[in-house]
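Visitor:
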Amino acid sequence: MLLAAISTALSAHGQLAVKTNLLYDATTTPNLGAEVRVGPHSTINLVYGLNAWSFKGDAKVKHWLLMPEYRWWTCTPFSGHFIGVHLLGGQMNAGHVNLPIPGFWFGGDNLTTGARDHRYQGGYAGAGLTYGYQYPLSEHWNLEAEIGAGYGHVWYDKFQCGHCGEKLSKGGTNYVGITKIGLSLMYIF
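Numbering-wise (this note's numbering), the sequence shown opens with residue 18 and increments by one.
1. Counting contacts by CB-CB distance shorter than 8 Å, is L67 in contact with chain D?
2. Please report how far the alpha carbon of W122 lies from the alpha carbon of Y65, in whole angstroms.
3. Under 8 Å, do Y87 and G107 count as touching if we go by C-beta distance?
4. In this structure, does DSSP put D174 in helix, strand or coil?
5. Do you know how far the Cα of L200 is from the Cα of R136?
6. Output needed for A76: all residues of its chain with C-beta closer than 6 Å, excluding positions within five of it in sequence on either side, in chain order.
7. Got a sec? Which residues, its chain only, sit under 7 Å from T93 by beta carbon, not counting five neighbours each side?
8. In terms of residues, what are the limits of the beta strand (DSSP E) holding L33?
9. Hey, how far is the Cα of E163 from the Cα of T196?
10. Which one of A132, Y192, E161 and W158 has the shortest CA to CA distance from D174?
11. Which residue from D42, T91 and N159 puts its Cα closest to that of Y148?
12. In chain order, what residues of the same chain lie with their CB nearer than 6 Å to the CB of D126, ignoring the 5 residues before and after it?
13. Taking the CB atoms as reference points, tell me whether I118 and T129 lie closer together than 8 Å.
14. How many angstroms separate the CA atom of L40 from the CA atom of I61?
15. Going by the beta-carbon positions, is the gap between K184 and F176 smaller than 8 Å?
16. Taking only runs of the alpha helix (DSSP H) that begin and end inside the stretch 102-142, which ones reach a length of at least 4 residues, in chain order?
17. Could you check which residue in G165, R54, C178 and H170 has the C-alpha nearest to that of Y141?
18. Using only alpha-carbon positions, find the residue among Q151, W70, L146 and P85 that is nearest to A111.
19. With distance defined between alpha-carbon atoms, name the residue in W89, K36 and G165 nearest to G56.
Put into structure tokens, the structure is as follows:
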């Protein structure tokens, strides 16, 4: 179904871009995005990221993320300012780390501080608003900067320690704050 939508959009509007968020890459989260023009001022963006590694001292921020987004451009797609509405979802397994997530946690554990001494494993979903700007570098290359804020909910199992600990509780928590940030290098076909 996704391939049919992309094929229809490409035949009608003719632009597709692939990208990687360099900030995600810097946090050891390889990612790949695709953006397709769907109208004179509109694009659909889809990003997937995966972090599958543990680090020294049993620290980990293993996760996968899927983030679809609708973007409206003030002038023309793939150039200048845009605003967007994004969704996000995925799963995570984090422990023995400081999570530098700017925002507010409520209704459950604060995962920014809780993941220092415990391990959390579960899923998450949310939505938010995005502002961004794309700067053309050449005919086919762009640089994109974006930031998004919104709401997320996390369902988790909480464990005593990173690898071997017993399950302490099951719960959920809510988050309001930064839901995406990016500096992406992209290639436009």
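Even glycine gets a Cβ: it sits at the ideal position worked out from N, Cα and C.
Guide: Taking the geometry as given:
1. Looking at the structure shown, chain D is missing, and only one protein chain is on hand.
2. The count along the sequence shown starts at 1 and reaches residue 122 at position 105. The count along the sequence shown starts at 1 and reaches residue 65 at position 48. So the two alpha carbons sit approximately 24 Å from each other.
3. Locating residue 87 in the sequence shown gives position 70, counting from the first residue. Locating residue 107 in the sequence shown gives position 90, counting from the first residue. Their beta carbons are not under 8 Å apart, which means Y87 does not touch G107 by this criterion.
4. Along the sequence shown, read from residue 1 onward, the residue named residue 174 stands at position 157. Here D174 sits in strand by DSSP.
5. Within the sequence shown, residue 136 is the residue found at index 119, counting from 1. Within the sequence shown, residue 200 is the residue found at index 183, counting from 1. Straight through space, the alpha carbons of L200 and R136 are spaced by roughly 29 Å.
6. The residue given as residue 76 occupies position 59 in the sequence shown. Only H113 and V114 meet the Cβ criterion.
7. By 1-based counting over the sequence shown, the position of residue 93 is 76. Apart from the 5 residues on each side of it in sequence, T93 has no Cβ closer than 7 Å to any other Cβ in its chain.
8. Within the sequence shown, residue 33 is the residue found at index 16, counting from 1. DSSP places L33 inside the beta strand (DSSP E), whose first and last residues are L33 to N38.
9. As a first step, residue 163 is located in the sequence shown; it is residue number 146 there, counting from the start. As a first step, residue 196 is located in the sequence shown; it is residue number 179 there, counting from the start. The alpha-carbon atoms of E163 and T196 are separated by roughly 11 Å.
10. Position 157 of the sequence shown, counting from 1, holds the residue named residue 174. If we check each option's Cα against that of D174, A132 comes out closest.
11. Walking along the sequence shown from the start, residue 148 turns up at place 131. Out of D42, T91 and N159, T91 has the C-alpha closest to the C-alpha of Y148.
12. Translated into positions along the sequence shown, residue 126 becomes position 109. The residues are T190.
13. The residue you call residue 118 lines up with position 101 of the sequence shown. The residue you call residue 129 lines up with position 112 of the sequence shown. Yes. Within cutoff.
14. For the purposes of this step, residue 40 is taken as residue 23 along the sequence shown, with counting starting at 1. For the purposes of this step, residue 61 is taken as residue 44 along the sequence shown, with counting starting at 1. Within the model, the alpha-carbon separation for L40 versus I61 is close to 21 Å.
15. Taking the first residue of the sequence shown as position 1, residue 184 is located at position 167. Taking the first residue of the sequence shown as position 1, residue 176 is located at position 159. Going by C-beta atoms, K184 is nearer than 8 Å to F176.
16. Contiguous alpha helix (DSSP H) elements confined to the stretch 102-142 occur at 128-131, taking only those with 4 or more residues.
17. Taking the sequence shown and counting its residues from 1, one reaches residue 141 at position 124. Measuring from the Cα of Y141, the nearest candidate turns out to be H170.
18. Residue mapping note: residue 111 aligns to position 94 of the sequence shown, counting from 1. Nearest of Q151, W70, L146 and P85 to A111, Cα basis: W70.
19. Within the sequence shown, the letter at position 39 stands for residue 56. It is W89.
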